[in-house]
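Working notes, structure below.
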Amino acid sequence: MTQTNSGSFSLTNNRTGESWDLPVIDGSVGPSVIDVRRLYGQTGHFTYDPGFTSTGSCESGLTYIDGETGVLLHRGYPIEDLAEHSHFLEVAYLLLYGDLPNREQSDEFVNTITYHTMVHEQITTFFRGFRRDAHPMAIMCGVVGALSAFYHDSTDITDPHARTVASHRLVAKMPTIAAMAFKYSLGQPFNYPQNRLTYAENFLHMLFAVPTQTYEMSPVLARAMDRLLILHADHEQNASTSTVRLAGSSGANPFACIAAGIASLWGPAHGGANEAVLNMLNEIGNRDRIGEFVKRAKDPDDPFRMMGFGHRVYKNHDPRARVLMQSCHEVLEALGVEDPLLDLAMELERIALEDEYFVQRNLYPNVDFYSGIILKAMGLPTSMFTVLFAVARTTGWIAQWKEMTEDPTQKIGRPRQLYTGPDRRAFRPLADRG
Ligand code: SDX
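According to our numbering, the sequence shown is numbered sequentially starting from 1074.
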C-alpha cells in the first residue's frame, strides 16, 4: 500500500505559543488525513473523537464510500455494477485478492469454497446447549466462536497459507452454520451442503429443504439472495469491522475475531436494524399511523428512532438501499406476493424525506430499510435477518482482518482517553467510610 505525504497542517498551542507541523497523507480517492501518530510525543495531548466521527483507524484498499454523493466502491468497482453483473463469490474474491478473478481463478476459488462448506460433525452438539427459542444471533456468536477451538492449532496467522485457509473456511462455513441455527429453531434436521449448488442456492437449500420432499430452487430467490449477500459484503470501518480489526490486532484467533464482529453487528444501531425495521413497520401497521411515528422520531425526549434511516457516513442516499428497493419489487412480483409492508415502507420513506427534520439531518433510508422485506418474502423470520447480514459481512470482516494482518505497519490497537475521574487519594478503611 502506498501513502504519499503532501504538505502539512500547523498546530499552535494558543496558551504557550508553541506550534507544530502535522504531516498530511493523501489516499488514492477521498479525504486526506492529518497524521497525528506523533502528536502526544510532541504536544503531550491526545486527540478526542468519541465514535470516531473524524478519525481514520487504518489504511485500507478494500472499500471506499463517498457519503456526500452516495458512492460505494469495492476495490474501485461501483456496488451497483457488482450487484447487477457479478456474483457473491466473485465479490468475495475481489475483496480478498484485490481484483475480479479470471475464469481459471474463479473456478479454483469457487471450487475451494465449495469443498470447505461442511462443518466438523462435532459442531452439531454445540446447538444442543441452546433453547430452541434462542435468538439465532446468540447461537452464531457461540458456534462461530467455538470454531476457534477446532482450528486453533492450525491457524498460525503469521503463515500466509494459514491465513488463506482460515479466510476460505469462514466464507464457506458461515452459510452452513447460519442455516443450522435456523433449522435448530424450527426443530427440523440440519441439511448438509450440496456441492452441485452455487453459494446462494446452497444457502437457500440448507435453510429451507426438508428430508420429506425435493426442494424446488427458485432462480428468482437465488438471484435475490446472491444480490443481498453482495450488498452486505463490506463497508469500510463500520462498528463490526472495527471490532474485528481491534480483536485481530492482538493476534487473536481469526474465528474468535469474527465472533466478536457478529456480536457488534447484532446491535439495533448497526446490523440489527434490519430486524428492527420490520418490527417497526409491523408496529406502525398502516399509513395512518406514520405521522405518529415520524413525530416520535423527531422528539428529542423519545428514545425512538426511525429504524432503517440515517447513517454515520451517508448524508445522501445509501446506494445499497436503492438497489434493494428495486430488488423488493422484483422479488415480490416474481413470487406473486403482495406485501403491504413494502407499500408502507415506501410511503414512510416519502413522508420522512419531505420532513424538515430528516432533510436537515440528511437521514435517508440505509441498507437495512428494505432488506427485511425481501428476507420476509423469502420466508425467513425477522430474527434471522441479521444472521444473513453476518453471513455476507464475514467476507468483508475476514478480508479486512487479512489486510490488517498483512500490513507491516500494523500495531495492536490501544486508544487513549480523556480521564475525568478522581485524582490520587488515600485508601479509607471500612470503619472510616461512614
Ligand atoms: C448499518 O457504519 C456502517 O457502515 C454501518 C452499515 C454497514 O454496512 O456496516 O451501513 C450498516 O449499521 C446501517 C445503519 C443501521 N441503523 C439504523 O438504521 C438505526 C437507526 N439509525 C440511527 O441509529 C443512526 O442514524 C445511526 C446510528 C445509523 C447513525 O448515527 P450517528 O451518525 O451517530 O448520528 P447521530 O446519532 O449523531 O444523529 C445525528 C442526528 C441526531 O439528532 P440531533 O441530536 O442532531 O438533533 O440525527 C438524529 C439524531 O437524533 N438521527 C435520527 C436517526 N438517526 C439519526 N433521528 C431519528 N431517527 C433516526 N434513525
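We treat Cβ as the ideally placed atom computed from N, Cα and C, and that holds for glycine. Remember, it's a predicted structure, so these values are computed and weren't measured experimentally.
Query	Result
Do we get a CB-CB distance below 8 Å when we pair glutamate 1141 with the residues of chain C?	You won't find chain C in this structure, because it holds only one protein chain.
Put glycine 1080 into one of helix, strand or coil per three-state DSSP.	strand
Can you tell me which of the three DSSP states methionine 1074 falls into?	Below a pLDDT of 50, predicted positions are generally treated as unreliable, and methionine 1074, at 40, falls in that range; no measurement from the model is reported.
I'd like the list of long-range same chain contacts for alanine 1329, defined as Cβ closer than 8 Å, with 5 residues on each side in sequence excluded.	Gly1218, Ser1221, Ala1320
Using C-beta distances below 6 Å, list every residue in its chain close to leucine 1302, excluding the 5 sequence neighbours before and after it, in chain order.	Phe1161, Ala1465
Determine the closest residue to cysteine 1131 out of Tyr1492, Pro1481, Tyr1121, with distance taken between C-alpha atoms.	Pro1481
Looking at the secondary structure, which residues open and close the beta strand (DSSP E) in which tyrosine 1040 lies?	Outside the shown range of the chain (1074 to 1507) lies residue 1040, about which nothing can therefore be said.
Tell me, please, whether the segment 1467 to 1486 touches the segment 1265 to 1277 by the rule of three or more beta-carbon pairs shorter than 8 Å.	no
Apply the 10 Å Cβ neighbour rule to arginine 1318 and answer buried if 16 or more other Cβ atoms are within range, or exposed otherwise.	buried
Does the distance from the C-beta atom of glycine 1486 to that of serine 1322 stay below 8 Å?	yes
Taking 7 Å as the line, does the beta carbon of leucine 1436 fall inside it for any heavy atom of the ligand SDX?	yes
Label proline 1104 either buried or exposed according to how many other C-beta atoms from any shown protein chain fall within 10 Å of its C-beta, with 16 as the threshold for buried.	exposed
For methionine 1191, count the other beta carbons within 10 Å of its own beta carbon; 16 or more makes it buried, fewer makes it exposed. Which is it?	exposed
From the DSSP output, which residues share a beta bridge with tryptophan 1093?	Leu1084
Measure how close the beta-carbons of tyrosine 1137 and valine 1102 come, nearest whole angstrom, since I'm counting them as under 8 Å.	5 Å
Beta-carbon within less than 6 Å of phenylalanine 1199's beta-carbon, same chain only, minus the 5 sequence neighbours each way: which residues are those?	Val1216, Ala1219
Near alanine 1211, which residues of its chain fall below 6 Å by C-beta distance, leaving aside the five closest residues on each side in sequence?	none
Taking C-beta to C-beta, are leucine 1351 and threonine 1455 nearer than 8 Å?	yes
On the three-pair Cβ rule with 8 Å, is the segment 1289 to 1298 touching the segment 1411 to 1425?	no
Excluding the 5 residues flanking alanine 1165 on each side, which residues of the same chain have their C-beta closer than 6 Å to its C-beta?	Val1244, Thr1468
Between glutamate 1403 and asparagine 1268, what straight-line distance do the alpha-carbon atoms span, to the nearest angstrom?	28 Å
Check for me: the alpha helix (DSSP H) holding valine 1464 runs from which residue to which?	1458 to 1478
Could you spell out the range, first to last residue, of the beta strand (DSSP E) harbouring histidine 1208?	Run containing histidine 1208: none; DSSP gives neither H nor E here.
By the DSSP assignment, the beta strand (DSSP E) with leucine 1145 in it spans what residues?	1144 to 1147
Is glycine 1364 near the ligand SDX, with its Cβ less than 7 Å from a heavy atom?	no
So does alanine 1252 have its beta carbon nearer than 7 Å to some heavy atom of the ligand FAD?	This structure lacks the ligand FAD; the ligands present are the ligand SDX.
For the ligand SDX, is there any heavy atom lying closer than 7 Å to the beta carbon of phenylalanine 1382?	yes
Should histidine 1508 be listed as close to the ligand SDX, given that the test is whether its C-beta is under 7 Å from any heavy atom?	A question about residue 1508 goes unanswered here, because the residues of the chain that appear run from 1074 up to 1507.
Alpha carbon to alpha carbon, how far is tyrosine 1224 from isoleucine 1230?	11 Å
Mind checking who valine 1106 pairs with in its DSSP beta bridge?	Ile1098
Assuming methionine 1457 contacts phenylalanine 1255 under a Cβ cut-off of 8 Å, what Cβ separation, rounded to an integer in Å, is found between them?	6 Å
With 16 as the cutoff for other CB atoms within 10 Å, does glutamate 1509 come out buried or exposed?	The question about residue 1509 has no answer, for the chain in this structure spans 1074 to 1507.
Closer than 7 Å to a non-hydrogen atom of the ligand SDX - does that hold for the CB of alanine 1370?	yes
Please identify the residue among Val1367, Val1183, Ser1315 whose C-alpha is closest to the C-alpha of valine 1432.	Val1367
Relative to the C-alpha of aspartate 1412, which candidate in Gly1383, Thr1197, Ile1446, Leu1421 has its C-alpha closest?	Ile1446
Would the segment 1435 to 1445 and the segment 1414 to 1422 be scored as touching if the rule is three or more Cβ pairs under 8 Å?	yes
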